[in-house]
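K.L.:
Counted the way my numbering counts, the sequence shown spans residues 10 to 151.
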Amino acid sequence: QVGLSLRATGDNEAMVRSSSINTDAMKILGFALCNLIVAFSGAIYAQYNMTATHGVGTGMLVLGLASIIIGETVIGKRGMLRHLIAVVVGAIIYRIMLAVAFGLGLPAIYLKLFSAVIVVIAISIPLIKPTIARWRKIHAGN
């Protein structure tokens with residue numbers, strides 16, 4: 010029941026609040042669960058590498074966001090299974106793009122810039138698609 014309340018709070022907070030569910034508590038629980046998962050992943054990563062420093066996770070947020078955005082742009086946003094598949098596909102595409110960049114001789118110092126450009130392009134694609142579709146429709150008759 011808590012899981013359904015948590016999921017419903019994320020979908021439609023106003024409706025859940027009218028059902029007398031404490032949405033603030035659900036948000037706090039959601040953030041706590043997310044932080045718990047991040048803490049476990051950091052602990053496992055440190056255990057695997059037998060070391061940990063303060064800068065180990067630098068850039069992981071960009072990688073995660075890029076994976077989600079690229080995956081949802083390519084796969085779409087319908088259903089939980091499609092979301093999970095989209096994240097995996099997005100991560101694979103992101104890594105392929107980085108491998109191509111290294112293969113073309115891009116210096117490692119520009120890696121973060123390249124990652125930011127990938128994220129900007131991935132964010133822009135859904136916004137540009139309707140414009141391209143309108144342009145094609147207008148020019149299809151010519």
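Backbone N, C-alpha and C define an ideal beta-carbon position, used for all residues, glycine too.
Taking just the CA atoms, how far does Ala131 sit from Ala142?
P.N.:
17 Å
K.L.:
For the alpha helix (DSSP H) that contains Lys3, what are its first and last residues?
P.N.:
Residue 3 lies beyond the stretch modelled for the chain, which goes from 10 to 151, so this question has no answer here.
K.L.:
Taking the CB atoms as reference points, tell me whether Ile78 and Gly99 lie closer together than 8 Å.
P.N.:
Result yes, Cβ atoms of Ile78 and Gly99 sit closer than 8 Å.
K.L.:
Which whole-angstrom value describes the C-beta separation of Gly51 and Gly68, a residue pair presumed to lie in contact below a C-beta threshold of 8 Å?
P.N.:
About 14 Å; that fails the 8 Å criterion.
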